[in-house]
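Before any comments, here is the structure.
Protein chains: 4
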Amino acid sequence: MVKIVIVHDRIRYEEKALQKAGFDLGADVSLVDIKNSFIDITEGDVNPEVLKADVILQRCVGHYRALYLTAILESMGIPVINSFQTTLICGDKLLTTLTLRRAGIPTPRTCIAFTRDGALKALSKVGYPAVFKPVIGSWGRLVSLVKDEETAKVVIEHREHLYPLYQIYYIQEYVNKPGRDIRCFVVGDEVIAAIYRYAAPGEWRSNTALGGRAVKMDITEELKELSLKAARAVGAHIVGVDCLEGKNGLLVHELNSVTEFRNAAPATGVDIAKRIVEYAISLVKR
Amino acid sequence: MVKIVIVHDRIRYEEKALQKAGFDLGADVSLVDIKNSFIDITEGDVNPEVLKADVILQRCVGHYRALYLTAILESMGIPVINSFQTTLICGDKLLTTLTLRRAGIPTPRTCIAFTRDGALKALSKVGYPAVFKPVIGSWGRLVSLVKDEETAKVVIEHREHLYPLYQIYYIQEYVNKPGRDIRCFVVGDEVIAAIYRYAAPGEWRSNTALGGRAVKMDITEELKELSLKAARAVGAHIVGVDCLEGKNGLLVHELNSVTEFRNAAPATGVDIAKRIVEYAISLVKR
Amino acid sequence: MVKIVIVHDRIRYEEKALQKAGFDLGADVSLVDIKNSFIDITEGDVNPEVLKADVILQRCVGHYRALYLTAILESMGIPVINSFQTTLICGDKLLTTLTLRRAGIPTPRTCIAFTRDGALKALSKVGYPAVFKPVIGSWGRLVSLVKDEETAKVVIEHREHLYPLYQIYYIQEYVNKPGRDIRCFVVGDEVIAAIYRYAAPGEWRSNTALGGRAVKMDITEELKELSLKAARAVGAHIVGVDCLEGKNGLLVHELNSVTEFRNAAPATGVDIAKRIVEYAISLVKR
Amino acid sequence: MVKIVIVHDRIRYEEKALQKAGFDLGADVSLVDIKNSFIDITEGDVNPEVLKADVILQRCVGHYRALYLTAILESMGIPVINSFQTTLICGDKLLTTLTLRRAGIPTPRTCIAFTRDGALKALSKVGYPAVFKPVIGSWGRLVSLVKDEETAKVVIEHREHLYPLYQIYYIQEYVNKPGRDIRCFVVGDEVIAAIYRYAAPGEWRSNTALGGRAVKMDITEELKELSLKAARAVGAHIVGVDCLEGKNGLLVHELNSVTEFRNAAPATGVDIAKRIVEYAISLVKR
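The listed protein sequences derive, respectively, from chains W, Z, G and R. Residue numbers for the first sequence, in the working numbering: 337 to 622. Residue numbers for the second sequence, in the working numbering: 337 to 622. Residue numbers for the third sequence, in the working numbering: 337 to 622. Residue numbers for the fourth sequence, in the working numbering: 337 to 622.
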């Protein structure tokens, strides 16, 4: 019997759905909460459930927890979905952009600066409005639409009061999307589902955490090709690919290596949890 | 003429010494301050000096600046000393420990936890006193000697008020060193110099930023072998390797990919700047 | 009918108990959540319920919310329990100590410093172990028992990463209490209840938020006299007075102007909510 | 001989000028750096120079240092310029506004909120553009011009990542001043100098710390009357009064209890340091 271990720090809809899917598919799926224990990296000592796993599904909400736990588990020789490298890149908007660009995948224009002055210069080249994003951070948090230089200065001044990572200024052209973006789910070599995410009223960001609404989208050839290419570029097994509708076609802008799907599953009618667990089982049996 | 570009965010002794060494060695060495400009990663647009470089010496003081600037330059096809991968690992104590351990290099015992409870459990296994380190951070900052559970709780409670990265609890056995540690300089395949760093009075950490005093050390076979092995494990061209004197021999505990040497050069009589520039030139000519 | 308005930012046991007590006593008690609205201080425009109040009970959990809301309401001429001056002093350990000392009330020995060096000098005079407290903060948060200079340095270094207020170093002698302290409830001119708070196992702080256990205590003459004197010194209507059992008698160390009593009420059998509302009514009718 | 002690944490132009003025006027002026020492508030033990002072000039740059040091010195019976009460009010924009309003002094319209939702409601009432200020903070820091709701949300989201005090939302109408404001210097019962502060190019805030330029202004009757009234309202001996030119006359918006004058003195030709020391001497002799 295939043994899948879901490591997590909180049990959400997704974790429950994955466990249920495992039960239905005849796999042994256990949930291991990493908050209760520690790992002795010298002795390779960790929760014994984890050591018995054929494959680990990394489901920690905290980015740093997911990243470091994956690094540790991999270094113990345990396969993790997704890998450390994938988690590192997808969790970091700057590394994502570099990876997409190198792979020839269309992505919004992006400039990087390291100081207030550099950022203002970058902005005057990118043009207003522009989007200011923390390189690490989820759910659209602190992603700021910056309409003019005055606003840019306000954002930068606040950033200077935060942790140094927030002073890596990631500045992106604003893609005048029709009030929505696209989230598409890649599992292995397949695009299994896609949704439009419509921004909530009074909010330009379409993240579901910010009230974005999920609506089923038909998977076009363009979306399929780009998403699979992006997934391969970051080496992902399972990944959420976020796209914007640009003037000249789709632009990939973010990837999520620990993807949420509580809204996408009912909107699309696809049993995403089941597809993920099937994939994990097939990976073990390969 | 070999063109070396030193990217930096502050000019210290080291940057001046490197530029002078370049002049003496007939190389074209220019200093580029990254604080004044920005990089357009979509168009590959950056300070033109940088584009003309045969090789870049990464010398930013800010860790995140060094890390991301290296990622960008590498993705433009410009060789950087050190590489992104090396900078990533050396800048991160957890990734360093995993890498050393995988390479079979002796390193102090280390446990990782993600919450207060996990950290307290880890500490009771490692035993007191233990050393609490932020996974990212330089100059011994916030590296805390924790003598008992009460003190551990104090440290953890303070950490919980900081950026989430500080809640990745990296806990290490305290190596009862004789009031000093070892810093050894690897350039290419050679160990070019080594010093003891004696902790300042009233301070257990031996970082020179905390008043540690540099004293020349003879390079032993053990030190040489371990340092080169560690440098190779992280893929470094030029690296400072920090060792502790354990009961059963040396233990490597940290590596520095943007190493300072203003104290080590006079203490050892070795012209470290010259050796670094020679190496960079040889790398280009190879 | 007397109109009492409880302003709050969260409804806890205490707020419900106060409302129920008002109902039983025939007063009109309404709860106003300050999170939903704003105050126009130029026009004196605020939630209309608030303007109809004969007296306000300030019950915000957030210290700054309580402090500033009280300042605003008072400046509109509305009586608030407790006053701005009382809230300011009780919410600030340094101002509390100064006030107690001026009133001749025994309080633990306290030194203040503004830098690391000053704090270490203060500690070497106060002697170890000592108690390090943030001047503003509740529930024992970041209150640190510091056993020796090494630990002090650890605490200070962490404090330097926090908001500047945390660099006002408030250092207090450690009173070797028998694993408990005393919380005593003053309403008007009466001490209505008192409890011992026993620290939870493995925790030296006796705050109930940290698992401290409430046990009824008989109100001694000494406690009564000191508590009333302390309440008068800070000008409080209703206040929780915290005492320690020192070698030469009780020491008052903290006062709480928005006091919790969910544990003290059952432990003592005193209907604290009722006593508070009765007092508020009597104040209006006076 | 009158003994004046300047307590400070950094020696700037102002502290040197004050000391020189004391020398010229035959007073004994000493500088005491509070960073080097601590205060035993139980024993009333402090730097002995301080205890010999007839009057203290509080000149700490750090707001919290100035505030608490003044509280301590006053509680020891030593007169401080300015008093704790004055320092508390002037250091806090909310308390300043309440005090000005109560004294009938024209001040820009101001609303207060405690949450994101409340702040957005306040803004829609005040109208855009509006000014968002931290209640505590100097040199225009984090004072943000907010042009529309989108920008307001950006500011608020960043504020939520800072210390809780930053979640006291102080929202003020934007006074469409002619690119300048007024800083006026009150010493005792006199207005001794006034300047226009012209904002630097590309900056709407006129703070000299942000490049604002000082230009002499003639002291009008209106300015004189308002400034003295404001100084009296906050109980200040020596204070910088900041005014805006509104449609219907001047509006007082901020007061500075530890005022800088390195630009104002040359711009106006007034020896501000001398006037301050003369005042301090007269106060002692009174």
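Note that CB positions come from ideal geometry on N, CA and C, so glycine has one too.
Continuous alpha helix (DSSP H) stretch holding residue i: start and end
| i | result |
| --- | --- |
| residue 615 of chain Z | 608-621 |
| residue 564 of chain R | 557-570 |
| residue 494 of chain Z | 485-495 |
Endpoints, the beta strand (DSSP E) within which residue i is located
| i | result |
| --- | --- |
| residue 450 of chain W | Unbroken run through residue 450 of chain W: none, as it is neither H nor E. |
| residue 516 of chain Z | 516-523 |
| residue 597 of chain G | It is not in any beta strand (DSSP E) - residue 597 of chain G carries neither H nor E in the DSSP assignment. |
| residue 505 of chain Z | 505-509 |
| residue 590 of chain R | 585-592 |
| residue 581 of chain Z | 574-582 |
| residue 401 of chain W | Looking at the DSSP string, residue 401 of chain W is not in any beta strand (DSSP E); the run it does join, the alpha helix (DSSP H), is 399-411. |
| residue 552 of chain Z | 549-552 |
| residue 375 of chain G | 374-376 |
| residue 466 of chain R | 466-469 |
Partners in chain R for residue i, counting only beta-carbon separations shorter than 9 angstroms
| i | result |
| --- | --- |
| residue 540 of chain W | 486 |
Coil, strand or helix - residue i by DSSP
| i | result |
| --- | --- |
| residue 348 of chain W | coil |
| residue 529 of chain Z | strand |
| residue 440 of chain Z | coil |
| residue 386 of chain Z | helix |
| residue 426 of chain W | helix |
| residue 460 of chain W | helix |
| residue 481 of chain Z | strand |
| residue 367 of chain W | strand |
| residue 393 of chain G | strand |
| residue 513 of chain Z | coil |
| residue 534 of chain Z | strand |
Closest by C-alpha distance to residue i, when choosing among the options
| i | options | result |
| --- | --- | --- |
| residue 403 of chain G | R/363, R/387, R/449 | R/449 |
| residue 607 of chain W | W/353, W/427, W/486, W/342 | W/353 |
| residue 544 of chain G | G/596, G/569, G/497 | G/596 |
| residue 358 of chain W | W/451, W/437, W/612, W/619 | W/612 |
| residue 517 of chain G | G/393, G/591, G/598, G/528 | G/591 |
| residue 469 of chain R | W/554, W/477, W/494, W/464 | W/494 |
| residue 372 of chain W | W/382, W/457, W/378, W/365 | W/382 |
| residue 568 of chain R | R/552, R/550, R/554, R/593 | R/593 |
| residue 367 of chain W | W/376, W/388, W/377 | W/388 |
| residue 338 of chain W | W/603, W/347, W/363 | W/363 |
| residue 547 of chain R | R/427, R/343, R/476 | R/476 |
Cross-chain neighbours of residue i in chain Z, by beta carbon under 9 angstroms
| i | result |
| --- | --- |
| residue 376 of chain W | 445, 446, 447, 448, 458, 461, 462 |
| residue 533 of chain W | In chain order: nothing, as chain Z lies at least about 24 angstroms away. |
Chain-ordered neighbours of residue i on chain G, where CB pairs are closer than 8 angstroms
| i | result |
| --- | --- |
| residue 371 of chain R | 450, 451, 453, 454 |
| residue 546 of chain Z | In chain order: nothing, as chain G lies at least about 10 angstroms away. |
Chain Z residues whose Cβ lies nearer than 7 angstroms to that of residue i
| i | result |
| --- | --- |
| residue 398 of chain W | 500 |
| residue 480 of chain G | 490 |
Residue-level contact to chain C via CB, residue i, 8 angstroms cutoff
| i | result |
| --- | --- |
| residue 491 of chain R | Structure shown: chain C not included; protein chains present are W, Z, G and R. |
Chain-ordered chain W contacts of residue i [CB-CB under 7 angstroms]
| i | result |
| --- | --- |
| residue 434 of chain Z | 377, 407, 408, 411 |
Whole-number beta carbon distance between residue j and residue i, since they are thought to touch under 8 angstroms
| i | j | result |
| --- | --- | --- |
| residue 522 of chain Z | residue 577 of chain Z | 6 angstroms |
| residue 472 of chain R | residue 501 of chain R | 6 angstroms |
| residue 430 of chain R | residue 458 of chain G | That pair is no contact at about 32 angstroms. |
| residue 586 of chain W | residue 558 of chain W | 6 angstroms |
| residue 435 of chain Z | residue 570 of chain Z | 6 angstroms |
| residue 536 of chain W | residue 508 of chain W | With 8 angstroms as the limit, residue 536 of chain W and residue 508 of chain W do not qualify as a contact, their Cβ atoms being about 21 angstroms apart. |
Residue i Cβ short of 7 angstroms to the ligand ATP heavy atom set
| i | result |
| --- | --- |
| residue 508 of chain Z | Inclusion of the ligand ATP in the displayed structure is not the case, the ligand content being empty and no account of it being possible. |
Under 8 angstroms by beta carbon: chain Z residues contacting residue i
| i | result |
| --- | --- |
| residue 483 of chain G | 483, 484, 486, 487 |
Partners in chain R for residue i, counting only beta-carbon separations shorter than 8 angstroms
| i | result |
| --- | --- |
| residue 392 of chain G | Correct list: empty, because the minimum Cβ distance to chain R is about 15 angstroms. |
Under 9 angstroms by beta carbon: chain W residues contacting residue i
| i | result |
| --- | --- |
| residue 589 of chain R | Ordered by position in chain W, no residue passes the 9 angstroms Cβ test against residue 589 of chain R, which lies about 19 angstroms from the chain. |
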